[in-house]
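*Asks:* The structure follows.
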Ligand SMILES: Cc1cc2nc3c(=O)[nH]c(=O)nc-3n(C[C@H](O)[C@H](O)[C@H](O)COP(=O)(O)O)c2cc1C
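In full-length UniProt numbering, the protein residues as written are 1 to 193.
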């Protein structure tokens, strides 16, 4: 099985999740800027940070190059991970990957600390008001991804790999795959005896 982890991360939250996946699976892990082409792999874990309700632009560009693969996606965001906003992001990501003929094995989102400079800048520009609900959410996001998020992400990735291995076609020896040898009859199937 050829598998790897590719991630895009601006402030390090998504990188933490990616590194936990690499640590638990022993698979190679690449920041998207230097990631190999997806064609080299059967299954990929693709990580992104959420921007305007969608995977960030770098992750999206890589995603559009993934064709006919098994994909587990993961991401970090400022919103609550079970909010409508997060669900819409999951659904959109699913759709983009499926449009490329990929099989989405699973998806996982957790909160990630929002850069305080971005929050302050958005206040100056008259962005979303800092309501008590928003403040509480941003405060909670500051503690993520935490140990529980990383453990949950690991579990999702391990299960995705197990699911893929259980359904993947059995590897053939190169000589069979190339059609050089014919498949021997199974023992006991020779009716001429
Ligand atoms: C410019 C910008 C736009 C963002 N847009 C969203 C958004 O639409 N929804 C959301 O839940 N979080 C949003 N966030 C928060 C980030 O997705 C979150 O902090 C994430 O964990 C950052 O990941 P990173 O550290 O891997 O870059 C935004 C952050 C920035 C800087």
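Ideal placement from N, C-alpha and C gives every residue a C-beta, glycine not left out.
Can you tell me the Cβ-Cβ gap for residue 24 and residue 55, rounded? I've got them flagged as a contact below 8 Å.
*Replies:* In fact, because the Cβ distance is near 22 Å, the residues do not count as touching under 8 Å.
*Asks:* Is the beta carbon of residue 51 within less than 8 Å of some heavy atom of ligand 1?
*Replies:* True, at least one ligand heavy atom lies under 8 Å from that Cβ.
*Asks:* Have a look at the DSSP bridge pairing and note the partners of residue 77.
*Replies:* Partner(s): 111.
*Asks:* Look up residue 82 in the DSSP assignment and say whether it is helix, strand or coil.
*Replies:* DSSP places residue 82 in coil when its eight states are reduced to three.
*Asks:* Can you check whether the CB of residue 14 is closer than 9 Å to the CB of residue 75?
*Replies:* Contact: yes.
*Asks:* Considering residue 118, what are the terminal residues of the alpha helix (DSSP H) in which it resides?
*Replies:* Note, residue 118: alpha helix (DSSP H), 116-124.
*Asks:* Use the C-beta contact count for residue 144: other C-beta atoms within 10 angstroms, 16 or more gives buried, fewer gives exposed.
*Replies:* Classification of residue 144: buried, given that the 10 Å Cβ count is 16 or more.
*Asks:* For the segment 66-80 and the segment 105-116, state whether three or more C-beta atom pairs, one from each stretch, are separated by less than 8 Å.
*Replies:* Touching, yes.
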